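**Student:**
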């Protein structure tokens with residue numbers, strides 16, 4: 117990996133008193149925003165390499181950590197997709213102006229699509245990297261046993277036994 121100037125994280129305050137850490141470089145529009153995956157943070161290889169590329173071509177760029185990830189406050193276990201979408205929209209609204217290109221990796225691809233729907237007037241492009249939008253209802257729900265559905269509805273989580281571990 118190439119050397120990248122590591123600027124200190126900037127901090128955005130959330131409405132609930134928590135904080136969102138982000139790193140941003142100025143450049144020409146549209147601003148490229150990287151949305152990381154589940155349990156990934158803004159110091160990951162994809163985010164850093166994308167920043168390096170944007171810096172090399174003079175492109176505006178922003179990467180951030182969702183609540184409970186990396187340098188942002190909050191407990192990972194207490195956060196949901198709705199919280200992480202709220203974080204993404206807060207960063208978009210407070211830290212950027214003009215057109216955007218959203219780049220979502222894995223779960224970040226799901227958040228990318230939701231953010232694009234919420235801020236459609238600002239979106240110039242979407243790039244999904246192994247994007248993992250939620251197709252649970254459409255592809256899986258009908259295949260679950262009644263017992264599994266009951267567990268999901270009452271506990272909010274279901275652990276499937278696997279030969280690869282628990």
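Residue numbers (our numbering): 117 to 282.
Even glycine gets a Cβ: it sits at the ideal position worked out from N, Cα and C.
What you are looking at is a predicted structure, and each value in this text was computed from that prediction instead of being measured.
Shortest alpha-carbon distance to residue 239 belongs to which of 258, 250 and 214?
**Tutor:** Translated into the one-based positions of the chain shown, residue 239 becomes position 123. The candidate whose alpha carbon is nearest that of residue 239 is 214.
**Student:** Would you mind sorting residue 257 into buried or exposed? The rule is 16 or more other CB atoms within 10 Å of its CB.
**Tutor:** Numbered from its first residue, the chain shown carries residue 257 at position 141. Answer is exposed; the Cβ neighbour count stays below 16.
**Student:** For the stretch 217-251, list the alpha helix (DSSP H) runs that are entirely contained and at least 4 residues long, ordered along the chain.
**Tutor:** With a minimum length of 4 residues, the continuous alpha helix (DSSP H) runs that stay inside the stretch 217-251 are 223-234.
**Student:** Suppose you measure from the CA of residue 151 to the CA of residue 166; what does that come to, to the nearest Å?
**Tutor:** By 1-based counting over the chain shown, the position of residue 151 is 35. By 1-based counting over the chain shown, the position of residue 166 is 50. Computed Cα separation, rounded: 11 Å.
**Student:** For the stretch 134-219, list the alpha helix (DSSP H) runs that are entirely contained and at least 4 residues long, ordered along the chain.
**Tutor:** Correct list: 161-173 and 197-211.
**Student:** Tell me the residue span of the alpha helix (DSSP H) that contains residue 270.
**Tutor:** As a working note, residue 270 is residue 154 in the chain shown. Run containing residue 270: 262-271, per the alpha helix (DSSP H) assignment.
**Student:** Using only alpha-carbon positions, find the residue among 242, 216, 247 and 131 that is nearest to residue 177.
**Tutor:** Residue mapping note: residue 177 aligns to position 61 of the chain shown, counting from 1. Checked all of 242, 216, 247 and 131; the closest Cα to residue 177 is 216.
**Student:** So, helix, strand or coil for residue 102, using DSSP?
**Tutor:** Any question about residue 102 goes unanswered here, given that the chain covers just 117 to 282.
**Student:** How is residue 132 classed by DSSP in three states: helix, strand or coil?
**Tutor:** The count along the chain shown starts at 1 and reaches residue 132 at position 16. Residue 132 falls in the coil class under three-state DSSP.
**Student:** Can you tell me which residues form a DSSP beta bridge with residue 126?
**Tutor:** On the chain shown, residue 126 is found 10 positions in, with the first residue counted as 1. Paired residue(s): 138.
**Student:** I need the straight-line Cα distance from residue 277 to residue 194, nearest angstrom please.
**Tutor:** Mapped onto the chain shown, residue 277 falls at position 161. Mapped onto the chain shown, residue 194 falls at position 78. So the two alpha carbons sit approximately 24 Å from each other.
**Student:** Between the stretch 170-186 and the stretch 127-143, can you find at least three pairs of beta-carbon atoms closer than 8 Å?
**Tutor:** At 8 Å Cβ cutoff, the stretches touch.
**Student:** Among 169, 156, 206 and 161, which residue has its Cα nearest to the Cα of residue 134?
**Tutor:** If you number the chain shown from 1, residue 134 lands on position 18. Looking at the Cα atoms, 206 is the closest of the given residues.
**Student:** Tell me which residues share the same chain as residue 184 and place their Cβ nearer than 6 Å to its Cβ, disregarding the 5 neighbours each side in the sequence.
**Tutor:** The sequence position of residue 184 within the chain shown is 68, counting from 1. Excluding positions up to five away in sequence, the list reads 190, 191, 192 and 195.
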